[in-house]
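Trainee:
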Amino acid sequence: MNPLYTPVSVSHFLVVGAIMFVAGVVCMATKRNALGVLMGIELVLNGANVNFVAFGSEYLRPGVLGVGLDGQLVALFVIVLAAAEAAVALAITLNFYNNHSTVDVDQADELKG
Amino acid sequence: MEALNFNWNSVFFYLFAAIACGFSIAVVLTSNIVRMAFYLILALGATAGLFFLAGADFVGAMQLMIYVGGTLVLLIFGVMLTAKGPFISMKTSAGEWLMGAVVGGSLLAVLLAAATSVKAWQTTPDQPAQAQVTATRLGMALMGARVDSLEQTNAEQRRGMSGYLLPFEIVSVHLLVVLIGSAYLARPKKRAGRRVVGE
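In order, the protein sequence lines correspond to chains A and B.
According to numbering that gives the first Met the number 0, the first sequence holds residues 0 to 112 in order.
According to numbering that gives the first Met the number 0, the second sequence holds residues 0 to 198 in order.
1. Output, in chain order, the set of chain A residues within a Cβ distance shorter than 8 Å of residue 95 (chain B).
2. Are the CB atoms of residue 6 (chain A) and residue 8 (chain B) nearer to each other than 8 Å?
3. So, is the C-beta of residue 4 (chain A) closer than 8 Å to a C-beta in chain B?
4. Counting only Cβ pairs nearer than 9 Å, list the residues of chain B close to residue 103 (chain A).
5. Does the beta-carbon distance from residue 44 (chain B) to residue 67 (chain B) come in below 8 Å?
6. Any beta carbon from chain A within less than 8 Å of residue 136 (chain B)'s own beta carbon?
7. Between the Cα of residue 73 (chain B) and those of B:36, B:21 and B:124, spot the shortest distance and give me the residue it belongs to.
8. Quick one: what does DSSP say residue 198 (chain B) is sitting in, helix, strand or coil?
9. Given that residue 89 (chain A) touches chain B, what residues does it touch there, using C-beta distances under 8 Å?
10. Determine the contact status of residue 22 (chain A) and residue 26 (chain B), defining contact as a CB-CB distance below 8 Å.
11. Please report whether the beta-carbon of residue 107 (chain A) lies at a distance below 8 Å from any beta-carbon of chain B.
12. So residue 177 (chain B) packs on residue 86 (chain A), CB below 8 Å; how close in whole Å?
13. What does residue 111 (chain B) touch in chain D if you count any residue whose Cβ is under 7 Å from its own?
14. For the alpha helix (DSSP H) containing residue 7 (chain B), list its first residue and its last residue.
15. So that I know if they touch, is there some Cβ in chain A lying closer than 8 Å to that of residue 35 (chain B)?
16. Could you please give the first and the last residue of the uninterrupted alpha helix (DSSP H) stretch that includes residue 218 (chain B)?
17. On the DSSP letters alone, give me the boundaries of the alpha helix (DSSP H) that residue 56 (chain B) sits inside.
18. Could you check whether residue 44 (chain A) and residue 92 (chain A) sit closer than 8 Å to each other, using their CB atoms as the reference points?
19. Starting from residue 95 (chain B), trace the alpha helix (DSSP H) both ways and give me its first and last residue.
20. If you count every other CB in all the chains shown that lies within 10 Å of the CB of residue 25 (chain A), and 16 or more means buried, which is it?
21. In chain order, what residues of the same chain lie with their CB nearer than 7 Å to the CB of residue 38 (chain A), ignoring the 5 residues before and after it?
22. Hey, how far is the Cα of residue 94 (chain A) from the Cα of residue 180 (chain B)?
23. Would residue 57 (chain A) be called buried (16 or more neighbouring beta carbons within 10 Å of its own) or exposed?
Structure representation (structure tokens):
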């Protein structure tokens, strides 16, 4: 059956969310640039948001007792908190860059015993 | 005409999903920080399209305005302030790539198995749902009143639908504290020996 002729389900959205989440995790683990790590965090939060919105959607599962509007509300809170997190992390990164003249997270080892 | 029988919702879902997933993976694979920022913009913009397709019009608009228009501009300022010489392209060693691929691959296998194994998540609606604007209901819920609980017939379900006034206030104060704190953290350093007292 051609997938272009059939409606999508919640599972399709979950697969997209899972791929974005894993891309973010690998990005956080492998990037040496502190800003690259930040971008990985943004991808992880977005993958989670896709799941929240998919489970709260009335289009995908009409008549089913899902999370309803709560999914969209949680997604909104995640977006706002991601903005706050990015502001603080960027300030810390710029401070680190001013003091050490590098953004390599491997160089941030002053606390290492 | 056969072409008119396309389910356009699905067609646009696959388009946006391909852009979102493809550019998310491109963010991981490239080592150039400027290209990473650009790929991230495309991935997050396509995610906003997915939100619109799921019926979350207000969340999709907020994704475009706050995330793509605000947070990513902030990140790009960070890239512009720090991207010079060796920091534009920082290579990751092959061993770390291998570890990341193994961990990411196994995590992806678990998540995909979980996402595709539940029958109830694969049922599709027989007919498209009625289009509903969510901005009013979301705004009322943030003010503490769930107007969508009036149409909920299940009494048990209705009791669990609470307003979000307290989390909204906490997030507002949190955002204020965070912005003041980050402005204080990123302030320019005073040069030593220079008087800062006004005349």
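We put the beta carbon where it would ideally sit given N, CA and C, even for glycine.
Please read these numbers as outputs of a predicted model, since none were measured by experiment.
Mentor: Put simply:
1. Residues of chain A whose Cβ lies closer than 8 Å to the Cβ of residue 95 (chain B) are, in chain order, 28 and 29.
2. Cβ distance < 8 Å, so residue 6 (chain A) and residue 8 (chain B) count as in contact.
3. At least one CB atom of chain B sits nearer than 8 Å to the CB of residue 4 (chain A).
4. The CB of residue 103 (chain A) comes closer than 9 Å to the CB of 85, 86 and 89 in chain B, given here in chain order.
5. Yes, Cβ-Cβ distance for residue 44 (chain B) and residue 67 (chain B) is below 8 Å.
6. Yes, residue 136 (chain B) counts as interfacial toward chain A.
7. B:36
8. Residue placement at residue 198 (chain B) is poorly supported in this model, since its pLDDT is 47, which falls under 50; the coordinates still yield a value, given next. In the three-state reduction of the DSSP assignment, residue 198 (chain B) falls in the coil class.
9. 73, 74, 76, 77, 181 and 185
10. yes
11. no
12. About 6 Å; that satisfies the 8 Å criterion.
13. Note that chain D does not occur in the displayed structure, where the protein chains are A and B.
14. 7–28
15. yes
16. For residue 218 (chain B) there is no data in the structure shown, the boundaries of chain B being 0 and 198.
17. 56–61
18. no
19. 93–116
20. buried
21. 26
22. 13 Å
23. That one is buried.
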